[in-house]
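Peer 1: Numbering (my numbering), first residue to last: 17 to 346.
Glycine included, C-beta positions come from ideal geometry on N, C-alpha and C.
Quick one: the structure is below, questions incoming.
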Ligand code: MLT
């Protein structure tokens, strides 16, 4: 039998729900009234962290509140993304997701603790990040054709660095390895910031990474870049050939970073955030810093909530067959 206490609790819950529904819009109008936390699902100093810091610096000015970056590492970005999915949907906890956390992780993790489409509100795209095939500076092959022959012949001795199952570096090198028909030893890091340090010091042999992480290091000769996986060369590294020019046209890979909020975040809050991001991407200083790192900036029609929702859907569709074709991960 239903007790008086249970009925009273249920009544309070109903009353509270309607109160929340009443209060939320007015809170949304004055948003933000305090600092915002931006979860970055990889180590500090890596591509996701760097892009997030550049863009949120300008967004904070527009919004009139601080945006504090919190690096939460583990499981190729999926630990942090699961946490963000469960955060309060009030606009004060956001996440920079990417091609890995919000697309490739779906087929990579059959028991993923969140779904990119069901558990998040898309805010907007930050930047596209072309992927390069990289190796330590004393890796013997001098071009991509030699790289292909060398890794096929020496796969048992090779270590491939990446940022965990679910990361961009893991997924794009899975594509590369699948094209080449190889399975090297894979060495996970908490982000490609630390993975790059290991590549520079020669502790690992090769990796696939987002351009924003490596421009300076390639220019300084600290690592080798064999090819970029886009149709055109990148102005930040004009001497690096495209994968097509270098003889491996099947390797096409460009990642992206984007802002997401937990599902149910009020629409006026989402609109304020996408507007602030839009202003950041229009700002000359912000654009210059992102372009120097090799980012591809979305034009007006590619920005905002709807284009990001469509991108997430199409990227899940793109990476699912690639990951299935690569077969078991170990
Ligand atoms: C990072 O910020 O470390 C990267 O985005 C990791 C990756 O996905 O490869």
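1. In terms of residue numbering, what span does the beta strand (DSSP E) encompassing residue 67 cover?
2. Starting from the N-terminal end, write out each residue whose C-beta falls within a distance shorter than 5 Å of any non-hydrogen atom of the ligand MLT.
3. For residue 240, is the classification buried or exposed, using 16 other Cβ atoms within 10 angstroms of its Cβ as the cut-off for buried?
4. Using the C-alpha atoms, what's the distance from residue 188 back to residue 224?
5. Between the Cα of residue 242 and the Cα atoms of 220, 156, 285 and 204, which residue gives the shortest distance?
6. Could you tell me the distance, in whole angstroms, from the CA atom of residue 311 to the CA atom of residue 233?
7. According to DSSP, is residue 86 helix, strand or coil?
8. Quick one: what's got a C-beta closer than 6 Å to residue 44's C-beta in the same chain, skipping five residues either side?
9. Give the single residue among 65, 334, 338 and 52 whose Cα lies nearest to the Cα of residue 82.
10. Ignoring anything shorter than 3 residues, give me the beta strand (DSSP E) runs that lie fully in the segment 178 to 207, in order along the chain.
11. For residue 294 and residue 104, I'd like the C-alpha separation in whole angstroms.
12. Give a yes or no on whether the C-beta atoms belonging to residue 141 and residue 274 are separated by under 7 Å.
13. Under 8 Å: do the segment 89 to 99 and the segment 70 to 80 share three or more Cβ pairs, one atom per stretch?
14. Under 6 Å Cβ to Cβ from residue 38, same chain only, skipping five residues before and after it: list those, please.
15. Would you tell me roughly how many angstroms separate the C-alpha atoms of residue 299 and residue 210, rounded to the nearest one?
16. Identify the residues that DSSP records as bridge partners of residue 348: which are they?
17. Exposed or buried, which one is residue 270 when buried takes at least 16 other CB atoms within 10 Å?
18. Who pairs with residue 137 in a beta bridge, going by DSSP?
19. For a quick check, are the C-beta atoms of residue 176 and residue 194 less than 7 Å apart?
Peer 2: The relevant details are as follows:
1. Note, residue 67: premise wrong, no beta strand (DSSP E); alpha helix (DSSP H) at 63 to 79.
2. 58, 62, 63, 64, 116, 179, 183, 184, 185, 207 and 208
3. buried
4. 6 Å
5. 156
6. In this model, residue 311 and residue 233 are separated by some 16 Å (Cα to Cα).
7. strand
8. 282, 284 and 285
9. 52
10. If only complete runs of 3 or more residues are kept, the segment 178 to 207 shows the beta strand (DSSP E) at 201 to 204, in order along the chain.
11. 24 Å
12. In contact: residue 141 and residue 274 (Cβ atoms closer than 7 Å).
13. no
14. With a pLDDT of only 42 at residue 38, under 50, the local geometry of the prediction cannot be trusted, and the value read off the model is given with reservation. Counting only Cβ-Cβ distances below 6 Å, and skipping sequence neighbours, we find nothing.
15. 30 Å
16. In the structure as shown, the chain starts at 17 and stops at 346, and residue 348 therefore has no counterpart that could be examined.
17. buried
18. 277
19. no
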